[in-house]
Amino acid sequence: MIIMIAAVAENNALGKGNKLVWHLPNDFKRFKALTSGHHIIMGRKTFESFPKPLPNRTHIIITRQKEYQAEGCMIVDSMEKALEICPKDETSFIIGGGEIYNIGLPYTDKIEITRVHRDFEADAYFPEIDPNEWKIILSEFNEKDEKHLYDYTYQTFTRK
Numbered sequence: 001m002i003i004m005i006a007a008v009a010e011n012n013a014l015g016k017g018n019k020l021v022w023h024l025p026n027d028f029k030r031f032k033a034l035t036s037g038h039h040i041i042m043g044r045k046t047f048e049s050f051p052k053p054l055p056n057r058t059h060i061i062i063t064r065q066k067e068y069q070a071e072g073c074m075i076v077d078s079m080e081k082a083l084e085i086c087p088k089d090e091t092s093f094i095i096g097g098g099e100i101y102n103i104g105l106p107y108t109d110k111i112e113i114t115r116v117h118r119d120f121e122a123d124a125y126f127p128e129i130d131p132n133e134w135k136i137i138l139s140e141f142n143e144k145d146e147k148h149l150y151d152y153t154y155q156t157f158t159r160k
């Protein structure tokens, strides 16, 4: 199963300048819980936004840079090649960024969204989730608090 996972603003903003524009500790915990032990597919810029590779995950980086290397990671030049590397009988995750989400959407079986209830200025956006193709099967609202500046909702979508 291929699952796309992202934190997305109301206006589908993902981030600006290769950084998230919000800080939601519970979203980080959820991301870690869901993706640990799995293959994660990302673009080069997303990988480079991490201080180091994420522990307990197999990193697959998609880049057009022919000589690109990252220690302990698999490097490919297409989504198709990234998906070929993933074990067919296990769950793998597409974790971003914007361009990778766009090219990965047709291959995705499930989408895990943390919907941040605010619009943000951004330079990377998540693709529109077409209600004719996707149905929401879970929605869990979370109010802002001392550690979370914005209300947010965990949403799970599956293909119709």
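Everything in the sequence shown is counted per UniProt numbering, starting at 1 for the first residue and increasing by one.
Note that beta-carbon positions come from the ideal geometry of N, C-alpha and C, so glycine has one too.
Endpoints, beta strand (DSSP E) assigned at Asn-142: Residue 142 sits at position 142 when you count from the first residue of the sequence shown. From DSSP, the beta strand (DSSP E) with Asn-142 extends over 134 to 142.
Status (buried if at least 16 other CB within 10 Å, exposed otherwise) for Ile-3: Indexing the sequence shown from 1 puts residue 3 at position 3. Buried.
Spatially closest choice to Arg-30 from Asp-151, Ala-6, Leu-83 and Arg-118, by CA coordinates: Counting from one through the sequence shown, the residue named residue 30 turns up at place 30. It is Ala-6 whose Cα lies nearest to the Cα of Arg-30.
Cut-off 7 angstroms between Cβ atoms - residues of its own chain near Glu-143, not counting five sequence neighbours on either side: Sequence index remark: in the sequence shown, residue 143 carries index 143 (1-based). Cβ neighbours of Glu-143 beyond the five flanking positions: Asp-151.
Rounded Cβ spacing between Ile-41 and Gly-97 (contact assumed at less than 8 angstroms): Translated into positions along the sequence shown, residue 41 becomes position 41. Translated into positions along the sequence shown, residue 97 becomes position 97. Wrong, their Cβ atoms sit about 11 angstroms apart, outside the cutoff.
Among Asp-119, Ile-136, Pro-25 and Arg-57, nearest to Ile-94 - alpha-carbon criterion: As a first step, residue 94 must be located in the sequence shown, where it is residue number 94. It is Arg-57 whose Cα lies nearest to the Cα of Ile-94.
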